[in-house]
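Chemist: Provided herewith is a single structure, encoded as structure tokens, for subsequent inquiry.
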Amino acid sequence: MTMDFTPEELASFNLVHNRFSRVVKLLNEDEPVRIPENSSWDELDLSGAKGEVELPHRFSCYQLSLARSKVKRLPEGLQVQTILDLTECHELIELPHGLTVGSLRLGGCRSLKTLPEGFDCWFLDMTGCWSFREWPTTGRLRNGVLNLRGCTALPTLPDYLGVLASVNLRDCSNLSSLPDALRISGWIDVAHSGLANLSSIPPSLEDVDIRWQGVRIPRRVWLEPGSITLSEIATEKNTEMRRVLIERYGTARYVQDVQAEVLDEDRDPGGARRLLRIEVKDDEPLVTLACKCPSTGRQYFLRVPPDMRTCHQAAAWMAGFDNPDDYKPLIET
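Straight run, no breaks: the sequence shown in this note's numbering ends on number 363.
And the structure:
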């Protein structure tokens, strides 16, 4: 293309088996992006497009990225052979029926409530899709990776899932059971999910590695947190594992049982609050802000960076202020 090329002169492309990945750079970001009928693409990257994106019916390409665009729907008959990247498409509400793709990336699609009937993929990433709550009656996902981290509204998994390499259910707080037919060849992450409080291993996880926030843990730490002792925590050499043990033991209980050092005390609308510090062998100190919620009266122990010196500084950091002098809330709830 010549340097004086203008997108208004563009009529069509026919780029079979060619790479063309800078369309957005050639177009005014606020203008609509319309791909012509009967055009063929190898790799099409429209990520970040701020204008309306229009793809023709039965559009086909090898790889398609619409990440961070304003796309709301995709056309029926869409065919993408390898990767369909829709990451952070906040307005996306609907995908085409029978969508078949190798890797479907939907992380951050916070308006998407369900997947299309008859979807078929190997890798599915729905990280942070907090509106996603309903599976279609038919679909296929097998041999790959399922990432549902942060799908807080999701209550179940479907029975039609095939054998998967790994499943991330971290922060799926409403998901408390697994289908008996589920088979996992690698690992499952259950941290902060509805599965975190189970007392017995589901049949589908008998031979599966269990992870907690990415850390491989013994089944006992997951299913019997009451069996964890202070001595076990103190002698654990692996830093990440020790942090999991403290969390499963209970941060509030741990702070009380080890008699944490009080760095600072003051009051807020919830009452007295304290900044507490615990020295941890071969790791940074554990510093927490002990405070009560003014609305509910519940006690919280909130972890903050180890360089915090006052309760106000810790509260300012949690509110997003680097300079505590700038943190002057009119009311705290």
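For every residue, glycine included, the Cβ atom is placed at its ideal position computed from N, Cα and C.
Along the beta strand (DSSP E) that carries S215, what are the first and last residues, could you check?
Modeler: 213-219 is the span of the beta strand (DSSP E), which, as asked, contains S215.
Chemist: Once DSSP output is grouped into helix, strand and coil, what is the label at G190?
Modeler: Looking at the sequence shown, residue 190 is not Gly but Tyr. The answer is coil: DSSP assigns Y190 none of H, G, I, E or B.
Chemist: List the endpoints of the continuous beta strand (DSSP E) containing I308.
Modeler: Element bounds for I308: 301-308.
Chemist: Thinking W157 and G180 are a contact (beta carbons under 8 Å), I'd like their distance in whole angstroms, please.
Modeler: The identity of residue 157 in the sequence shown is Thr, whereas the question assumes Trp. Correct: roughly 6 Å between the Cβ atoms.
Chemist: Would you grab the beta carbon distance between V274 and I247 for me? Rounded to a whole angstrom, and I think it's under 8 Å.
Modeler: That belief holds up - the Cβ atoms of V274 and I247 are roughly 6 Å apart, short of 8 Å.
Chemist: So A344 is in the alpha helix (DSSP H); what residue range does that whole segment cover?
Modeler: Taken as a continuous stretch (DSSP letters only), the alpha helix (DSSP H) holding A344 covers 341-348.
Chemist: In its own chain, which residues sit with a C-beta less than 8 Å from the C-beta of T340, not counting the 5 before and 5 after it?
Modeler: Excluding positions up to five away in sequence, the list reads L293, D294, D296, L305, P354.
Chemist: Sorted by chain position, which residues of the same chain lie with C-beta nearer than 8 Å to E254's C-beta, five sequence neighbours on each side aside?
Modeler: Closer than 8 Å at the Cβ level, and outside the excluded window around E254, lie S229.
Chemist: With a 10 Å radius around its C-beta and 16 neighbouring C-beta atoms as the bar for buried, classify E291 as buried or exposed.
Modeler: It counts as exposed.
Chemist: Quick one: using the 10 Å Cβ neighbour count with 16 as the cut-off for buried, is Q329 buried or exposed?
Modeler: The residue is exposed, with fewer than 16 neighbouring Cβ atoms inside 10 Å.
Chemist: Strictly by DSSP, which residues pair up with S133?
Modeler: In DSSP, S133 forms a bridge with I113, F153.
Chemist: Skipping 5 residues on each side, what residues in its chain have a beta carbon closer than 6 Å to that of Q343?
Modeler: Same-chain partners within the cutoff: P354.
Chemist: Going by DSSP, what residue range makes up the alpha helix (DSSP H) through S261?
Modeler: Start and end: 260-265.
Chemist: What residue range is occupied by the uninterrupted beta strand (DSSP E) comprising V367?
Modeler: Since the first residue of the chain shown is 31 and the last is 363, residue 367 is not available in this structure.
Chemist: Locate the alpha helix (DSSP H) running through Q93, then write down its first and last residues.
Modeler: That residue, Q93, is in no alpha helix (DSSP H); its beta strand (DSSP E) goes 90-95.
Chemist: Determine the DSSP secondary structure at D352, reduced to helix, strand or coil.
Modeler: It is coil, neither helix nor strand.
Chemist: Return the CA-CA distance between V310 and I263, expressed in angstroms with no decimal places.
Modeler: When rounded, the distance between both Cα atoms is 10 Å.
Chemist: Below 6 Å CB to CB, which residues in the same chain sit around A41 once its five sequence neighbours on both sides are set aside?
Modeler: Confidence is the limiting factor: at A41 the pLDDT is only 39, short of 50, which leaves the residue's position unreliable and the question unanswerable from this model.
Chemist: Could you name the residues of the same chain whose beta carbon sits closer than 6 Å to that of A346, not counting the 5 residues immediately before and after it, in chain order?
Modeler: Excluding residues within five positions, the ones whose Cβ falls inside 6 Å are P354, Y357.
Chemist: So Y357 is in the beta strand (DSSP E); what residue range does that whole segment cover?
Modeler: It is not in any beta strand (DSSP E) - Y357 carries neither H nor E in the DSSP assignment.
Chemist: From what residue to what residue does the beta strand (DSSP E) around V334 run?
Modeler: Start and end: 329-334.
Chemist: Considering only their Cβ atoms, is the gap separating G174 from W152 smaller than 7 Å?
Modeler: It is a contact, given that the beta carbons lie within the stated cut-off.
Chemist: Got a sec, what are the start and stop residues for the alpha helix (DSSP H) D287 sits in?
Modeler: Start and end: 281-287.
Chemist: Would you mind reading off the limits of the alpha helix (DSSP H) that contains W252?
Modeler: Here the alpha helix (DSSP H) through W252 covers 249-253.
Chemist: To the nearest angstrom, how far is the alpha carbon of L191 from that of S207?
Modeler: Taking the straight line from one Cα to the other gives about 14 Å.
Chemist: Mark E266 as exposed unless 16 or more other C-beta atoms lie within 10 angstroms of its C-beta, in which case mark it buried.
Modeler: E266 is buried by the Cβ-count criterion.
Chemist: Tell whether a beta-carbon distance below 7 Å holds between L85 and L116.
Modeler: Their beta carbons are not under 7 Å apart, which means L85 does not touch L116 by this criterion.
Chemist: Within 10 angstroms of the Cβ of V193, are there 16 or more other Cβ atoms? Answer buried if so, exposed if not.
Modeler: By the 10 Å Cβ count, V193 comes out exposed.
Chemist: Check this for me: beta carbons of I308 and V334, under 7 Å apart or not?
Modeler: No; because the gap between Cβ atoms is not below 7 Å, this pair is not in contact.
Chemist: Going straight from the alpha carbon of E270 to that of V245, what length do you get?
Modeler: So the alpha carbons of these two residues sit roughly 7 Å apart.
Chemist: For L184, which residues from the same chain have a beta carbon less than 8 Å from its beta carbon, with the 5 sequence-adjacent residues on both sides left out?
Modeler: Around L184: F162, R163, L178, C202, N204, L205.
Chemist: Could you have a look at S196 and say whether DSSP puts it in helix, strand or coil?
Modeler: It is a strand residue.
Chemist: Indicate whether G81 and E61 have their beta-carbon atoms separated by less than 7 Å.
Modeler: Closer than 7 Å, so yes.
Chemist: Helix, strand or coil: how does DSSP classify R246 here?
Modeler: In the structure shown, R246 sits in a strand (DSSP, three-state: E or B).
Chemist: Starting from G169 and walking both ways along the beta strand (DSSP E), at which residues does that stretch end?
Modeler: Per DSSP, G169 belongs to the beta strand (DSSP E) from 169-171.
Chemist: Beta-carbon separation of E118 and R103 under 7 Å?
Modeler: Taking 7 Å as the Cβ cut-off, E118 and R103 do not qualify as a contacting pair.
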